[in-house]
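To start, the structure under review is shown below, and the notes come after it.
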Amino acid sequence: MAGSLQGSFLIAANHLRDPNFYRSVVMMLEHNDQGAMGLVINRPSAMTIGKALSQQGQTSVNQDPVFVGGPVEPTSLFILHNCLSLGKRDQEVAPGLFLAGSENSFEEVVRSGKSPEAGVRFRLISGYAGWGGEQLEGELERGDWYSVPADGTLVLEEDVYGLWEVCMRRLHRANRLLPHNIRNPDWN
Numbered sequence: 117m118a119g120s121l122q123g124s125f126l127i128a129a130n131h132l133r134d135p136n137f138y139r140s141v142v143m144m145l146e147h148n149d150q151g152a153m154g155l156v157i158n159r160p161s162a163m164t165i166g167k168a169l170s171q172q173g174q175t176s177v178n179q180d181p182v183f184v185g186g187p188v189e190p191t192s193l194f195i196l197h198n199c200l201s202l203g204k205r206d207q208e209v210a211p212g213l214f215l216a217g218s219e220n221s222f223e224e225v226v227r228s229g230k231s232p233e234a235g236v237r238f239r240l241i242s243g244y245a246g247w248g249g250e251q252l253e254g255e256l257e258r259g260d261w262y263s264v265p266a267d268g269t270l271v272l273e274e275d276v277y278g279l280w281e282v283c284m285r286r287l288h289r290a291n292r293l294l295p296h297n298i299r300n301p302d303w304n
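Each residue of the sequence shown is one higher than the one before, counting from 117 in our numbering.
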């Protein structure tokens, strides 16, 4: 393995038509010789946070969507947040972006996120994307994925439907050899 992509965005190439990953942006949480794990961050579901938490025995009126993090273990819940006070206990996955590491952190983030004055933003994500050893490397070699350094503010503040295009523009700026028109690279 050449280098770890942990802490990077994995961006699906335009030709990748797998419905789980079409135009997806994946926040890479782990990448080593044994495999890789990440969360798709730009695929909102029809399920709301309030409804998902009520199924877990908690109450919330939050109507923000739960995001589909990938096809693996779709009932597992993850929370990405920007709460610095909890960041000491949680894993920082990108500058200013943390993965809740315990049930207490999870509950605190959800409680803090109810109050806009608190400035806490978060995404509730169900499931994850996973790759076996060397599987992701093969997909990268085939050109199915690109990577750029992750930006925690994009995860929580950017329009999720435009996130793939934003990441592709960043990638293009970093690598001028890529086609200019990300919607139809055949035109270049």
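Positions of the beta carbon are idealized from the N, C-alpha and C atoms, including for glycine.
From which residue to which residue does the alpha helix (DSSP H) around V271 run? 268–273
With a threshold of 8 Å, are at least 3 pairs of Cβ atoms found where one atom belongs to the region 218–225 and the other to the region 192–202? yes
Just checking, does the region 117–136 make contact with the region 253–264 on the three C-beta pairs under 8 Å criterion? yes
S170 lies in the alpha helix (DSSP H); which residues open and close that run? 165–171
I believe P190 touches M163 by the beta-carbon criterion, under 8 Å. Please report the beta-carbon distance rounded to the nearest angstrom. 11 Å between Cβ atoms; not a contact.
Mind checking which residues open and close the alpha helix (DSSP H) that includes E58? This structure cannot settle anything about residue 58, because the visible part of the chain is limited to 117 through 304.
Mind checking R139: buried by the 16 CB within 10 Å criterion, or exposed? buried
Taking only runs of the beta strand (DSSP E) that begin and end inside the region 169–209, which ones reach a length of at least 3 residues, in chain order? 181–184, 188–197
Tell me which same chain residues have a C-beta within less than 6 Å of the C-beta of V177, skipping the five on either side of it? G166
Output needed for H147: all residues of its chain with C-beta closer than 6 Å, excluding positions within five of it in sequence on either side, in chain order. S120, L121, Q122
Whose C-beta lies closer than 7 Å to the C-beta of D267 among residues of the same chain, with five residues either side of it excluded? A210
Pull up the distance between the alpha-carbon of D206 and that of L240, whole angstroms please. 15 Å
Per the DSSP calculation, H147 is bridged to which residue(s)? A152
Taking 7 Å as the cut-off, decide whether the C-beta atoms of V271 and L193 are in contact. no
Quick check: the Cα distance between M143 and V225, rounded to an integer number of angstroms? 19 Å
The ligand MN and L202: does any heavy atom of the ligand fall closer than 6 Å to the residue's C-beta? The ligand MN is not part of this structure, which contains no ligands at all.
Measuring CB to CB, does L279 end up less than 7 Å from N158? yes
Whole-number beta carbon distance between V282 and A245, since they are thought to touch under 8 Å: Not confirmed; about 19 Å, so no contact.
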